[in-house]
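**Student:** Everything in the sequence shown is counted per our numbering, starting at 41 for the first residue and increasing by one.
Positions of the beta carbon are idealized from the N, C-alpha and C atoms, including for glycine.
Values in this document were obtained by computation on a predicted structure and should not be read as measured data.
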Amino acid sequence: MSSVVCTLFEGDHHYGVGALVNSLYAHGFRGTFCAGYRGALPPWVVGAKQIGDVTEFTPTDGLTLRFIPLATRTHFAMYKPSFMLEVLEKHFPQAESGFYFDPDVTILCDWKFYEEWVEVGVAMCADVNASMPASHPIRHAWKKTCGPRGIEFRRELDTYFNSGFFGLAQRDRNFLVLWKSLIEIIVESIGRTDTMHVGDRINKFAKTDQDGFNIAAMASEAPISAMGQDGMNFQQGGGGYVMSHAIGGVKPWNKNFLRSVVHYAKAPSRAEKDYFRHVEHPIGLYPPVAKSFKQFSLKTASLLARFVRTV
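1. According to the Cβ coordinates, are alanine 170 and glycine 278 closer than 9 angstroms?
2. What do you reckon, are the CB atoms on glycine 76 and leucine 48 nearer than 9 angstroms?
3. To the nearest angstrom, report how far apart serine 43 and leucine 344 are at their CA atoms.
4. Can you tell me where the beta strand (DSSP E) holding arginine 106 begins and where it ends?
5. Would DSSP call leucine 338 helix, strand or coil?
6. Using only alpha-carbon positions, find the residue among Gly71, His115, Thr72 and Thr98 that is nearest to threonine 235.
7. Per the DSSP calculation, valine 162 is bridged to which residue(s)?
8. So what's arginine 346 in DSSP terms, helix, strand or just coil?
9. Alpha carbon to alpha carbon, how far is threonine 350 from serine 342?
10. Write down the C-beta distance between glycine 161 and serine 265 rounded to the nearest angstrom, noting that I regard them as a contact closer than 8 angstroms.
11. Do glycine 105 and threonine 146 have their CB atoms nearer than 9 angstroms?
12. Distance, Cα to Cα, cysteine 46 vs alanine 135?
13. Just mark isoleucine 91 as buried or exposed, buried being the case when its beta carbon has 16 or more other beta carbons within 10 Å.
14. Please report the distance separating the alpha-carbon of phenylalanine 153 from that of alanine 209.
15. Quick check: the Cα distance between methionine 272 and tyrosine 315, rounded to an integer number of angstroms?
16. Closest by CA to isoleucine 191, which one among Asn202, Ile255 and Phe201?
17. With DSSP run on the structure shown, which of helix, strand or coil describes leucine 208?
18. Run through DSSP, which three-state label would valine 351 get?
19. Would you mind stating whether arginine 195 and alanine 257 have Cβ atoms separated by less than 9 angstroms?
20. Assuming proline 143 and glycine 56 make a contact with CB atoms under 8 angstroms, what is their CB distance in whole Å?
21. Under 8 angstroms, with one C-beta from each stretch per pair, do the stretch 219-228 and the stretch 114-131 reach the 3-pair mark?
22. Starting from glutamine 90, follow its DSSP beta bridges and name the residues at the other end.
23. Measure the Cβ-Cβ separation of tryptophan 151 and phenylalanine 69 and say whether it is below 9 angstroms.
24. Work out the CA separation of alanine 246 and glutamine 275 for me, nearest whole Å.
25. Where does glycine 288 land, buried or exposed, given buried means 16+ other C-beta within 10 angstroms?
26. According to the neighbour-count rule (16 or more other Cβ atoms, all chains shown, within 10 Å of its Cβ), is asparagine 62 buried or exposed?
27. From Met283, Phe336 and Glu320, pick the residue whose C-alpha is nearest to that of arginine 310; which is it?
28. Report the residue from Asp270, Asp167 and Arg211 whose alpha carbon sits nearest the alpha carbon of aspartate 198.
29. With isoleucine 287 as the anchor, note down where its alpha helix (DSSP H) starts and where it stops.
30. Less than 9 angstroms separating the beta-carbons of alanine 66 and histidine 321?
31. Return the residue from the list Leu338, Leu125 and Lys89 that minimises the CA-CA distance to leucine 298.
32. From what residue to what residue does the beta strand (DSSP E) around threonine 47 run?
33. Which same chain residues, not among the five before or five after lysine 291, have their C-beta less than 7 angstroms away from its C-beta?
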């Protein structure tokens, strides 16, 4: 299957992009990775070629990164379906499938698993807060708002999904069209495009893009293929085997692991460890001394965590 993989990033999230790409390559992905971005290109992009306003970087045989500058002021979380549609329609119309990963994700399994996954339906994974029964009042609020706008609800769901990853075959591209239209409804409701959070969960659109993603899962004609919390390594006790998602405000590339253990009794997470397994090849994200120090800090914090009460 011919696949294209995408992400969106700005600022120091380029560290996550590099680790994501490295993890994809390590597990068999070969092809083009599209990164929509604002601001500067990553410092590790060396020897790239310019094709119009697009930059292409080939760190090793069989892998090309295409950096696509974006002028939109919309929060990137809300721009995901628009970007994926642009990639599938403009940049890679020949691709049989498309995948999106947030730049704080690393993959853990053979790439063939992903390509076989989307043959079944739109691939998605349960959120860390996964329970949202079909009768949940927020779901009723979604229906009340979106129904009069022509959205037909076709399935009842009990799981709330994380929009940090999705994959689909070209035949299911209308899922993206629907999700994009739902974000437009959400923007009309909240009156802004620059955020991914609005108030607390009693707000019907508290998690802008992600709520739209979940409404699309309820309304789309496309089949869906959903994993539980094991899909993103969110379940208690670990054991995930598909990908790790380093959610939270402090990302692995910025975290002081020793401080986290000593002051907060918090051990390094599986996602943080998985990030540092993929910082070297084929894209080197750190100078040797910096990489050694960060990995030493991570290992020391993991060891210390055995002797303190972790949370």
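**Tutor:** On the basis of the data shown:
1. As a working note, residue 170 is residue 130 in the sequence shown. As a working note, residue 278 is residue 238 in the sequence shown. For alanine 170 and glycine 278, no; Cβs fall outside 9 angstroms.
2. For the purposes of this step, residue 76 is identified with residue 36 of the sequence shown, where counting begins at 1. For the purposes of this step, residue 48 is identified with residue 8 of the sequence shown, where counting begins at 1. In terms of Cβ geometry, glycine 76 and leucine 48 form a close pair [threshold 9 angstroms].
3. Start at 1 with the first residue of the sequence shown, and residue 43 comes out as number 3. Start at 1 with the first residue of the sequence shown, and residue 344 comes out as number 304. For serine 43 and leucine 344, the distance between alpha carbons rounds to 42 angstroms.
4. Here residue 106 corresponds to residue number 66 of the sequence shown, with the count starting at 1. Unbroken beta strand (DSSP E) run through arginine 106: 103-109.
5. If you number the sequence shown from 1, residue 338 lands on position 298. Collapsing the DSSP output to three states places leucine 338 in a helix.
6. Here residue 235 refers to the residue found at position 195 when the sequence shown is read from its first residue. It is His115.
7. Position 122 of the sequence shown, counted from the first residue, corresponds to residue 162. Residue pairing by DSSP places valine 162 opposite Ile264 in a beta bridge.
8. Along the sequence shown, one-based indexing puts residue 346 at 306. Assigned with DSSP and collapsed to three states, arginine 346 falls in helix.
9. Reading the sequence shown from its first residue, position 310 is the one you call residue 350. Reading the sequence shown from its first residue, position 302 is the one you call residue 342. Since pLDDT at threonine 350 reaches only 48, below the 50 mark, its modelled position is unreliable, and the value read off the structure follows with that caveat. Straight-line Cα distance between these residues: approximately 10 angstroms.
10. Translated into the one-based positions of the sequence shown, residue 161 becomes position 121. Translated into the one-based positions of the sequence shown, residue 265 becomes position 225. Contact annotation, glycine 161 with serine 265: C-beta distance approximately 4 angstroms; criterion of less than 8 angstroms satisfied.
11. Counting from one through the sequence shown, the residue named residue 105 turns up at place 65. Counting from one through the sequence shown, the residue named residue 146 turns up at place 106. According to the sequence provided, residue 105 is leucine. The question's glycine does not apply to it. Going by C-beta atoms, leucine 105 is not nearer than 9 angstroms to threonine 146.
12. Counting from 1 along the sequence shown, the entry for residue 46 is found at position 6. Counting from 1 along the sequence shown, the entry for residue 135 is found at position 95. Cα to Cα, the separation comes out at about 12 angstroms.
13. The residue you call residue 91 lines up with position 51 of the sequence shown. It counts as exposed.
14. Within the sequence shown, numbered from 1, the residue matching residue 153 stands at position 113. Within the sequence shown, numbered from 1, the residue matching residue 209 stands at position 169. Straight-line Cα distance between these residues: approximately 14 angstroms.
15. Numbered from 1 along the sequence shown, position 232 holds the residue referred to as residue 272. Numbered from 1 along the sequence shown, position 275 holds the residue referred to as residue 315. The C-alpha of methionine 272 lies about 13 angstroms from the C-alpha of tyrosine 315.
16. Numbered from its first residue, the sequence shown carries residue 191 at position 151. Ranking the options by Cα distance to isoleucine 191, first place goes to Ile255.
17. Sequence index remark: in the sequence shown, residue 208 carries index 168 (1-based). Correct three-state label for leucine 208: strand.
18. Translated into the one-based positions of the sequence shown, residue 351 becomes position 311. For valine 351, the predicted model reports a pLDDT of 46, less than 50, meaning its position is unreliable; a value from the coordinates is still stated below. If DSSP states are grouped into helix, strand and coil, valine 351 belongs with coil.
19. The sequence position of residue 195 within the sequence shown is 155, counting from 1. The sequence position of residue 257 within the sequence shown is 217, counting from 1. A contact, by the Cβ cut-off of 9 angstroms.
20. Taking the first residue of the sequence shown as 1, we reach residue 143 at position 103. Taking the first residue of the sequence shown as 1, we reach residue 56 at position 16. Yes, proline 143 and glycine 56 are in contact; Cβ-Cβ is about 4 angstroms, under 8 angstroms.
21. The stretch 219-228 is in contact with the stretch 114-131.
22. Along the sequence shown, read from residue 1 onward, the residue named residue 90 stands at position 50. Bridge pairing for glutamine 90: Thr95 [DSSP].
23. Start at 1 with the first residue of the sequence shown, and residue 151 comes out as number 111. Start at 1 with the first residue of the sequence shown, and residue 69 comes out as number 29. Yes; because the gap between Cβ atoms is below 9 angstroms, this pair is in contact.
24. Here residue 275 corresponds to residue number 235 of the sequence shown, with the count starting at 1. Here residue 246 corresponds to residue number 206 of the sequence shown, with the count starting at 1. Those two C-alpha atoms are separated by around 23 angstroms.
25. On the sequence shown, position 248 is the one that residue 288 refers to. By the neighbour-count criterion, in which 16 or more other beta carbons inside 10 Å mark a residue as buried, glycine 288 falls on the exposed side.
26. Position 22 of the sequence shown, counted from the start, is the residue given in the question as residue 62. By the 10 Å Cβ count, asparagine 62 comes out buried.
27. For the purposes of this step, residue 310 is taken as residue 270 along the sequence shown, with counting starting at 1. The shortest C-alpha separation from arginine 310 is found at Met283.
28. Reading the sequence shown from its first residue, position 158 is the one you call residue 198. When each option's Cα is compared against that of aspartate 198, the closest is Asp167.
29. Translated into positions along the sequence shown, residue 287 becomes position 247. Unbroken run through isoleucine 287: none, as it is neither H nor E.
30. In the sequence shown, counting from the first residue as 1, residue 66 sits at position 26. In the sequence shown, counting from the first residue as 1, residue 321 sits at position 281. Yes, these two residues count as a Cβ contact at 9 angstroms.
31. By one-based count along the sequence shown, residue 298 stands at place 258. Residue Leu338 is the option with its Cα nearest to leucine 298.
32. For the purposes of this step, residue 47 is taken as residue 7 along the sequence shown, with counting starting at 1. Going by DSSP, threonine 47 is part of the beta strand (DSSP E) stretching over 43-50.
33. What you label residue 291 is simply residue 251 of the sequence shown in a count that begins at 1. Taken in chain order, the residues that qualify are Gly56 and Asp144.
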